[in-house]
Each structure stands twice: as C-alpha cells, then as structure tokens.
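Chemist:
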Amino acid sequence: MNSKKESNSSILNQKDWSDNLSEEELKEIEIGIEQAENNQVIDHEEVMKVFLKYKINSQRIF
C-alpha cells in the first residue's frame with residue numbers, strides 16, 4: 014500500500030512538457046486555440062493542395 018502512495022507522489026512531482034515552453038510558444042498556442050474557437054481554421058486538404066503546388070514548382074527548378 015505504501016508503494017502506491019509513493020507512486021502517486023512521484024507522478025505529482027513530475028514536470029509537464031509545457032513547463033519547458035517559452036513565453037512566445039505559449040502565446041502562439043493561445044492564439045491557435047482562440048482561432049480554433051472562432052472557427053478561423055483551414056482544412057487539412059486545402060493546406061495540402063497549397064504545399065503540393067509548391068512542391069511541384071520547386072521540383073521543376075532543379
């Protein structure tokens with residue numbers, strides 16, 4: 014029973030990955046959350062179309 018208590022204590026003392034983020038990174042995450050809540054997002058398919066266009070154009074250069 015004591016080992017379970019020690020295990021819980023160990024978990025509570027662990028740092029979260031977000032503790033290592035800079036202020037700028039945290040601000041960007043907040044902006045992203047706000048944009049998602051306001052439905053200011055672009056579908057993945059639309060983004061991939063744009064990247065595909067750039068990929069095809071960059072391959073023609075070389």
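The sequence shown lines up with residues 14 to 75 when you count with my numbering.
Yeah, the Cβ is synthetic: ideal placement off N, Cα and C, and Gly gets one too.
(1) Please report the distance separating the alpha-carbon of Val63 from that of Glu36.
(2) Measure the C-alpha to C-alpha separation of Lys44 and Gln53 and round it to an integer number of angstroms.
(3) According to DSSP, is Val63 helix, strand or coil?
(4) Anyone know if the C-beta pair for Ile42 and Leu34 falls short of 9 Å?
Modeler: Short version:
(1) On the sequence shown, position 50 is the one that residue 63 refers to. On the sequence shown, position 23 is the one that residue 36 refers to. Answer to the nearest angstrom: the Cα atoms are 30 Å apart.
(2) On the sequence shown, residue 44 is found 31 positions in, with the first residue counted as 1. On the sequence shown, residue 53 is found 40 positions in, with the first residue counted as 1. Per the sequence shown, the amino acid found at residue 44 is Ile instead of Lys. Straight-line Cα distance between these residues: approximately 11 Å.
(3) Position 50 of the sequence shown, counting from 1, holds the residue named residue 63. In the structure shown, Val63 sits in a helix (DSSP, three-state: H, G or I).
(4) Here residue 42 is taken as the residue at index 29 of the sequence shown, counted from 1. Here residue 34 is taken as the residue at index 21 of the sequence shown, counted from 1. Against a cut-off of 9 Å, the Cβ pair of Leu34 and Ile42 comes out as a contact.
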